[in-house]
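So the protein sequences, as listed, match chains A and B.
Residue numbering for the first sequence follows the working numbering, starting at 1 and increasing by one per position.
Residue numbering for the second sequence follows the working numbering, starting at 503 and increasing by one per position.
Think of the CB as a built atom: it goes at the ideal place given N, C-alpha and C, for glycine as much as any other residue.
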Amino acid sequence: MADNVILQLRGITKTFPGVRALDHVDFGLRCGEVHALVGENGAGKSTLMHIVGGIYRPDTGQIVLDGRPVRFRSAHDAALCGISVVFQDLSLMGNLSVAENIFANRQPVRAGAFIDSAALERQTRELLHRFDLDLSPRTLVKHLSAAQQQVIEILKAMSYRPRVLVLDEPTSSLTATDTQRLFRNMERLKAEGTSIVYISHHLREVFQVADRVTVLRDGRHVETSPAAGLTEDAIVKRMVGRTLGNIYGERASEIGPEYFRVEGAAAGRFRDVSLSLRRGEILGLAGLVGSGRTELARAVFGVSPLTAGRITLEGRPLRLRGPGRAIASGLGYLTEDRKGQGLFLRMSVRANCIAPGLARFADRLGLMDERRIGEFAEASRSRFDIVTPSIGQTVGNLSGGNQQKLLLAMWMGITPKVLIADEPTRGVDVGAKSEIYALLRQLAATGVGIVLISSDLLEILGLSDRILVMRQGCIAGEFLRENATEENIVACAAGVGRECLP
Amino acid sequence: MAEPELGGARHRRLARRLADQREFVLCVILLAIVGVVAVADPGVLTLDNLSAVFLALSFQAIVGIGMTNLLVSGGFDLSVGSTVGLTGAVTALALVSGVPVPAALLIGLALGAAIGLANGLIIAKIGINPFITTLGMMGIVRGLLEVITKGQNIYGLPDAFKWIGQGKLLGIQHPILICLALVMLGDLALRKFRFFRQNYYIGGSEKAAVLSGINVDRMKIFNYVLTGLLAAVAGVLMAARFGSVSVTMGKNLELQVITAVIIGGASLQGGEGTVLGALLGCILMSLIVSAMTLFNVDIYWNTLIIGATLLVAVLIDTLSKKRRPV
């Protein structure tokens, strides 16, 4: 091993009941490098970093820091050794201010006991400045957007001045601008000698920031190599163990007549939104985070009321007073927030499968048909290729990609006429992504119209037949697949070109 | 070498699955207690003694049905003890002032449902949390009871009414029969019916339940109404059983019931629990107390033992869940 290796993992194995998450994994991190860790969901990236961060203890194997074997009993132990981890799930306290969150439990003090609020604010401001965040250190975290919270989480980790910084999917809820700011900060930390482990599903990002890339597959170390000599295809091949073709697939049937319309819809953040959908069509809905896409979807689905506008399905007006009615009329809504609002994490795969369609599994007396439920859950498991030891497994224990496939299975189970899919591949690896795309294609081929909301432009361009761009609560532009490009969609979303009518 | 290991693993898995089934564990513990009692003093294990124990816990168990349903949906209700008292007292007062028995029963039950409706509306529509809402309601209802009775006991209830609580069918007291019938109905409802299944989803994740098309507000209101109604059934039965009503009737019942339901496998986080488990929890608590009396343990130990039982039950549950990955 070279002398400049700061952190070396040797033969790390970690087993959970029924699954070997890591199998003799070696991993070396050099001083001042950005080392990308990639692999499909469930490959063991997060587990490995939980071990580095002191959350899990390995069954076997050794962690060597600065040439000395170490054992972490807690995250605090790891932090004391200069290892700081930003996990995928946010761990901020919403009821506390930005400053109190960043300096949780180590606020600057005066006279040994009193929090020095002036120093606290000054230090917080310095950190916020790194991301050009125009926020008061006193703002409560619960009032921040998801992207801002993610930045605060990163700043918190940076504030420890760690020697090893682990970022687990830091950009999944960041805007493009924030992502670039993060990369600039990573460059700066690197120059200061910090070593960074960077986990991401976005291979483009990996090439932008990483010096070396390590690929994990099924809990095993596949290969570590310099990023410079790699291509995206080569990494994907190592991740999935095979070559993927065009992951977006091709339309399998003709688009039918128009059957679903939203006219002049308004509520909360959006106004005067009209759209129409044809049978079997995939309609992409692009736009920046906060442009009103999700609010529109939720209102159409009846979660919150519309203040104006009308919705018609198959020529009949829909009066939607709640998601129950929407589902009964044939609408499905796949939420962007699978953990918070989509899935029942403490319940089984089986119970989750049937959640939006309980009535379909009850007889006339209202008795649940357990046999049919079991059959349906098993069928969904194999049709959607959900990897789980059994349908009795608690959903919180599944990997992100499998959770997302389960969410899709839930909504396909109600055989919707219209499906609104909000960020259907958020935080999901390439393999699962291509499966989800294939499932959406299959659904469209059966004549179901799909409204695809996504921040991933390649996904929008790869799947959509037609693309609407939202900006500040209005439809700012419409593109047919043939003349849509990344550039003109970004320009439209950002407000260059056609103006949004008031 | 490999073969027996495999068999062992299979047995262990079966044992594990049974151990995960709270009702099974409770039954084993109950049988053990009964066994110890039978060995220590075979004379006490008479039908009369057992039915006396069961009669005492049947009121708790009836309230426990509603409480289980609430805990499953992620709610709970501290006002049930006061509701038992007030509905019993109002029914008794109506009878004393000459209202016919069926009408008086109806008044009592309607009052219980109304208290539940108030709880449900405040919690679902205004969004005040169940702890505060039902704590406040507990005080209001108990206070009302004290105001209308002025602290005096109510006596002189008609025999036709007392028969409801004191009569027997096939040699078994009415409250026991009513309790068993309601428990069976409740257990079946929670296990099998789509309508009640919705509560497991609400308890699992309220937000996900909303997006799954479950009318969460309406279910919550219904759950509190049902709990209030069942508390009223217990209150009316208790009044009929004792033939009188005191201002302290039902006091502390809410905590006993919540304890029993949680011992029976429900959790304050919601999404878990069965009515059968709740009944077994009630029986376990009563048996422990009865066994202690039998072994001449000072009665002042009761509260301590019940508290410890609750903690041990939850501790075992939490520790067994911790072993699994998050």
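Counting only the same chain and skipping the five closest in sequence on each side, list residues whose C-beta sits under 7 Å from that of residue i.
i: Val-151(A); result: Phe-131, Leu-133, Asp-178
i: Ser-399(A); result: Asn-41, Gly-42
i: Pro-58(A); result: Ile-12, Thr-13, Lys-14, Ile-51
i: Leu-358(A); result: none
i: Asn-4(A); result: Arg-30, Cys-31
i: Phe-301(A); result: Pro-323, Ala-326, Leu-331, Tyr-333, Ile-420
DSSP on residue i, reduced to helix/strand/coil?
i: Thr-394(A); result: strand
i: Asp-369(A); result: coil
i: Cys-31(A); result: coil
i: Asp-26(A); result: strand
i: Met-158(A); result: helix
i: Leu-320(A); result: coil
i: Val-539(B); result: helix
i: Tyr-830(B); result: Past the boundaries of the shown model lies residue 830(B); chain B is included only from 503 to 828, so the question cannot be answered.
i: Thr-214(A); result: strand
i: Met-93(A); result: coil
i: Ala-539(A); result: With chain A covering 1 to 502 only, the question about residue 539(A) has no answer from this structure.
i: Met-751(B); result: coil
i: Gly-280(A); result: coil
i: Lys-664(B); result: helix
i: Gly-600(B); result: coil
i: Lys-652(B); result: coil
Please report how far the alpha carbon of residue i lies from the alpha carbon of residue j, in whole angstroms.
i: Lys-417(A); j: Gly-366(A); result: 25 Å
i: Ile-808(B); j: Met-787(B); result: 7 Å
i: Glu-499(A); j: Gly-473(A); result: Because Glu-499(A) sits at a pLDDT of 45, beneath the cut-off of 50, its placement in the model cannot be relied upon, and the following sentence gives the value as read from the coordinates. Their backbone Cα atoms lie some 12 Å apart in a straight line.
i: Leu-572(B); j: Gly-730(B); result: 11 Å
i: Val-240(A); j: Leu-757(B); result: 55 Å
i: Thr-15(A); j: Ala-21(A); result: 6 Å
i: Gly-545(B); j: Ala-558(B); result: 21 Å
i: Val-448(A); j: Ala-421(A); result: 12 Å
i: Phe-457(B); j: Thr-294(A); result: Residue 457(B) lies beyond the stretch modelled for chain B, which goes from 503 to 828, so this question has no answer here.
i: Asp-218(A); j: Ser-200(A); result: 17 Å
i: Glu-708(B); j: Met-721(B); result: 11 Å
i: Met-503(B); j: Leu-782(B); result: A caution first: Met-503(B) carries a pLDDT of 31, below 50, which makes its placement in the model unreliable, though a value can still be read off. Using only the alpha carbons, I get a separation of about 42 Å.
i: Gln-148(A); j: Leu-174(A); result: 8 Å
i: Ser-91(A); j: Arg-184(A); result: 24 Å
i: Met-93(A); j: Thr-139(A); result: 12 Å
i: Leu-419(A); j: Cys-81(A); result: 49 Å
i: Gly-509(B); j: Arg-381(A); result: Its pLDDT being 47, under 50, Gly-509(B) is placed unreliably by the model, and nothing is read from it.
i: Leu-821(B); j: Ser-769(B); result: 14 Å
i: Arg-489(A); j: Gly-374(A); result: The amino acid at residue 489(A) is misidentified as Arg; the sequence shows Ile. The alpha-carbon atoms of Ile-489(A) and Gly-374(A) are separated by roughly 44 Å.
i: Gln-404(A); j: Arg-426(A); result: 8 Å
i: Ile-760(B); j: Thr-776(B); result: 13 Å
i: Leu-659(B); j: Arg-371(A); result: 51 Å
i: Thr-811(B); j: Glu-187(A); result: 57 Å
i: Ile-617(B); j: Asp-385(A); result: 49 Å
Here's a check: name, in chain order, each residue in its chain whose Cβ is nearer than 8 Å to the Cβ of residue i, leaving out the five neighbours to either side.
i: Ala-377(A); result: Val-349, Arg-350, Cys-353, Ile-354, Ile-391
i: Val-586(B); result: Phe-561, Val-565, Ala-733, Ala-734, Ala-736, Gly-737, Met-740, Met-751, Gly-752, Leu-755
i: Ala-494(A); result: Leu-288, Arg-471
i: Ile-255(A); result: Arg-278, Arg-279, Gly-280, Glu-281, Asp-465
i: Gln-393(A); result: Ser-348, Val-349
Residues in its own chain within less than 6 Å of residue i by CB, not counting five upstream and five downstream?
i: Leu-501(A); result: Note that Leu-501(A) has pLDDT 41, beneath the 50 cutoff, so the model's placement of it is unreliable and the number below is only indicative. Nothing listed; no residue qualifies.
i: Phe-87(A); result: Asp-168
Meets three-Cβ-pair contact criterion under 8 Å: the stretch 576-593 of chain B and the stretch 607-614 of chain B = Counting C-beta pairs with one atom in each stretch, the stretch 576-593 of chain B and the stretch 607-614 of chain B have three or more that are closer than 8 Å, which means they touch.
In the stretch 342-358 of chain A, which residues sit with their C-beta less than 8 Å from some C-beta in chain B, listed in chain order?
-> Per Cβ criterion, the list reads Gly-342, Leu-343, Phe-344, Leu-345, Arg-346, Met-347, Ala-351, Ala-355, Pro-356, Leu-358.
State whether the stretch 559-579 of chain B contacts the stretch 695-708 of chain B, with contact taken as three or more CB pairs (one from each stretch) at a distance under 8 Å.
-> Yes, since at least three Cβ pairs between the stretch 559-579 of chain B and the stretch 695-708 of chain B fall closer than 8 Å, the two stretches touch.
Are the stretch 703-720 of chain B and the stretch 598-606 of chain B touching, with three or more C-beta to C-beta distances below 8 Å?
-> Output reads no: the stretch 598-606 of chain B does not touch the stretch 703-720 of chain B.
Using 8 Å as the threshold, is the stretch 462-470 of chain A in touch with the stretch 417-434 of chain A, meaning 3 or more CB pairs across them?
-> The answer is no - the stretch 417-434 of chain A does not touch the stretch 462-470 of chain A, with fewer than three Cβ pairs under 8 Å.
Can you list, in chain order, the residues of the stretch 355-389 of chain A whose Cβ is nearer than 7 Å to any Cβ on chain B?
-> Hits within the stretch, in order: Ala-355, Pro-356, Leu-358, Ala-359, Ala-362, Gly-366, Leu-367, Met-368.
Give, in chain order, every residue of the stretch 713-739 of chain B whose Cβ lies closer than 8 Å to some Cβ of chain A.
-> Only those residues of the stretch 713-739 of chain B whose C-beta falls short of 8 Å from the nearest C-beta of chain A are listed: Leu-713, Ser-714, Gly-715, Ile-716, Asn-717.
Given a limit of 8 Å on CB to CB distance, which residues of the stretch 782-804 of chain B reach chain A?
-> Those residues of the stretch 782-804 of chain B that come within reach of chain A (Cβ to Cβ, closer than 8 Å) do not exist; the list is empty.
Answer yes if the stretch 677-684 of chain B comes into contact with the stretch 283-290 of chain A, meaning at least three C-beta pairs across the two stretches below 8 Å, and no otherwise.
-> Below 8 Å, too few C-beta pairs join the stretch 283-290 of chain A and the stretch 677-684 of chain B to call them touching: fewer than three.
Just by C-beta distance, which residues in the stretch 308-329 of chain A are closer than 9 Å to chain B?
-> Considering only beta carbons, the part of the stretch 308-329 of chain A lying closer than 9 Å to chain B consists of Gly-322, Pro-323, Gly-324, Arg-325, Ala-326, Ile-327, Ala-328, in chain order.
Quick one, which residues of the stretch 614-630 of chain B are near chain A if we go by CB-CB under 9 Å, in chain order?
-> Listed in sequence order: no entries.
Flag this pair as touching only if the stretch 481-488 of chain A and the stretch 324-339 of chain A have three or more C-beta atom pairs under 8 Å; answer yes or no.
-> Touching, no.
What are the residues of the stretch 690-710 of chain B that lie near chain A, defined by any Cβ-Cβ distance shorter than 8 Å?
-> Result list: Lys-694, Phe-695, Arg-696, Phe-697, Arg-699, Gln-700, Tyr-702, Tyr-703, Gly-706, Ser-707, Lys-709, Ala-710.
Members of the stretch 451-462 of chain A near chain B, C-beta cut-off 7 Å | Taking 7 Å as the Cβ-Cβ cut-off, the stretch 451-462 of chain A has no residue approaching chain B.
Using Cβ-Cβ distances below 9 Å, what residues of the stretch 765-783 of chain B are close to chain A?
-> Cβ contacts with chain A: Gln-771, Gly-772, Gly-773, Glu-774.
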